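Have a look at the structure below, then the notes.
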Amino acid sequence: MPKAKNKAAKQKPDYLATDQEQWLQMYQQMSKIRSFEENANELYLSAKMPGLTHMYIGEEAIAVGVCEALRQDDYITSTHRGHGHCLAKGASVDLMFAELLGKEAGYCRGKGGSMHIADQARGNLGANAIVGGSAGIATGAAMSIKMRGTDQVAVCFFGEGALGQGLIYEVMNMAQLWRYPVIYVCENNLYNEYTHHSETTAGSMPARAAAFGIHTVEVDGQDVREVYHTTLDLVERARNGQGPAFMLCHTYRYHGHHVGDISREYYRPKEEETYWKTEKDPLKMLSTWMIEQKLAEGALFGQIEAEARQEVEAAVKFALEAPYPREEEVTQHVYA
Ligand SMILES: Cc1ncc(C[n+]2csc(CCOP(=O)(O)OP(=O)(O)O)c2C)c(N)n1
């Protein structure tokens with residue numbers, strides 16, 4: 244008797260199986276990240292924030308879709324473009340802005356800044372400005388999970404530029420050999436700084452992970468529904484001892500590589516930016532689908548965005564008014 248074919252065939256997930264409240268929660272999270280980034284940009288432009296920062300606007304569906312599929316005790320590691328990952332894993336907007344502004348109340352008492360936010364209580368092992376660096380940390384965390392025998396999962400976010408780093412291949416090799424519960428989430432936003440990936444990355448991106456025998460999937464990183472449901476599957480595999488996975492997410496950053504990168508015409512066309520912003524906006528894609536499915540009225544989304552803006556603006560005020568650390572602190576909690 245032939246085996247049931249349907250089971251093996253890849254089926255499109257039933258997005259309606261997810262509760263409408265949960266989709267709205269993801270919309271709220273994406274709105275919060277967008278508003279956070281707009282305010283961070285404003286703080287930079289008005290010279291209130293030291294250093295610079297890398298905007299995650301446009302990529303919100305990846306952080307939110309992935310983190311929604313995780314538990315609080317699961318781990319993440321992040322990158323220089325990490326605010327979205329931190330917020331999606333539950334970080335407080337107050338403490339994040341305080342960190343960006345170098346205030347004592349910040350996650351690293353103001354010593355880490357935008358690119359080094361860690362929130363261990365929520366499994367966020369930290370952002371890392373060394374491209375590819377956090378792959379080692381996430382894989383090490385997955386090794387500890389395996390040794391401790393828990394069913395946690397570690398997720399490593401990184402841009403496609405990290406595929407040029409040797410470390411990532413060393414750890415993928417180990418993760419597959421020893422079946423570590425780690426998910427490598429590659430955010431391909433097309434550019435490594437000011438260079439298109441086709442000029443830096445040879446061959447096929449998923450083939451690089453597949454070469455190790457790692458379970459590899461590819462998703463529309465602008466569609467939070469697809470990111471979330473795909474991650475649910477990968478998390479289940481990892482918790483069941485089936486080992487690592489690699490998820491390639493196609494996405495786009497709306498802003499420059501960092502806040503100072505404002506004249507981008509020399510490396511990417513305006514029409515390309517317009518296409519992604521108008522046709523592939525993650526917030527618009529989710530709200531349009533929910534309205535079409537009659538899961539929510541259009542006005543609700545404006546309300547959610549306004550509430551997110553309010554929360555973020557209150558956090559900016561908190562951070563601006565918060566004190567700097569005392570001078571004696573300068574050598575405390577510093578390990579290098
Ligand atoms: C090891 C290392 N090399 C170079 C840099 C400088 N650098 C910072 S971001 C970046 C590009 C990163 O591109 P990608 O990984 O695709 O992430 P994205 O910025 O697109 O999110 C580079 C080369 C660095 N921080 N670390």
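Sequential numbering from 244 applies to the sequence shown in this note's numbering. Glycine included, each C-beta is placed from N, C-alpha and C at the ideal position. Fair warning: this is a prediction, and the values are worked out from it, not measured in the lab.
Assigned exposure category for residue i - 16 Cβ within 10 Å defines buried
i: Leu288; result: exposed
i: Gln465; result: buried
i: Glu436; result: exposed
i: Gln263; result: exposed
i: Asp316; result: exposed
i: Val577; result: exposed
i: Gln536; result: exposed
i: Pro512; result: exposed
i: Ala251; result: Confidence at Ala251 is low in this model, with a pLDDT of 46, below 50, so the placement of that residue is unreliable and no value is reported for it.
i: Gln265; result: exposed
Spatial distance of residue i from residue j (CA atoms)
i: Phe455; j: Tyr427; result: 13 Å
i: Lys248; j: Val470; result: Note on Lys248: pLDDT 43, under 50, position unreliable in the model; no value is reported.
i: Thr574; j: Gly325; result: 25 Å
i: Glu311; j: Asp504; result: 31 Å
i: Ala481; j: Leu313; result: 11 Å
i: Val559; j: Leu330; result: 15 Å
i: Lys246; j: Lys255; result: For Lys246, the predicted structure reports a pLDDT of 42, less than 50, and the residue's modelled location is therefore unreliable. A value from the coordinates is still provided. Rounded to whole angstroms, Lys246 to Lys255 spans 20 Å at the Cα level.
i: Ile534; j: Ala450; result: 37 Å
i: Glu548; j: Pro568; result: 33 Å
i: Gly345; j: His500; result: 22 Å
i: Gly524; j: Trp532; result: Reading off the sequence, residue 524 comes out as Asp, not Gly. Those two C-alpha atoms are separated by around 12 Å.
i: Glu554; j: Arg507; result: 31 Å
Limits of the unbroken alpha helix (DSSP H) element including residue i
i: Ile547; result: Gly541 to Glu564
Nearest candidate by alpha-carbon position, reference residue i, set the options
i: Ala397; options: Pro487, Ser357, Gly325 and Val460; result: Pro487
i: Met386; options: Gly484, Cys310, Glu403 and Leu267; result: Gly484
i: Thr296; options: Ser447, Glu508 and Val502; result: Val502
i: Glu430; options: Ala453, Ala306 and Gly446; result: Ala306
i: His493; options: Glu461, Leu477, Tyr510 and Asp524; result: Glu461
i: Gly404; options: Tyr423, Ser441, Val414 and Gly383; result: Ser441
i: Ala542; options: Ser530, Gln363, Ser447 and Glu342; result: Ser530
i: Leu406; options: Ile276, Glu514 and Ile373; result: Ile373
i: Trp519; options: His458, Gln553, Ile300 and Ala418; result: Ile300
Limits of the beta strand (DSSP E) - the one that residue i falls within
i: Ala488; result: Ala488 to His493
i: Tyr318; result: Tyr318 to Thr320
i: Asn431; result: Val425 to Asn431
Can you list the beta strand (DSSP E) stretches of 3 or more residues lying completely in the region 381 to 416, in chain order? Whole beta strand (DSSP E) segments, 3+ residues: 397 to 402.
Let me know the alpha helix (DSSP H) ranges lying completely inside the region 435 to 477, each 4 residues or longer, listed in chain order. 448 to 453
Which complete alpha helix (DSSP H) runs does the region 297 to 338 hold, if anything under 4 residues is left out? Restricted to the region 297 to 338, the alpha helix (DSSP H) segments that are unbroken, complete and at least 4 residues in length are 303 to 311 and 326 to 331, listed in chain order.
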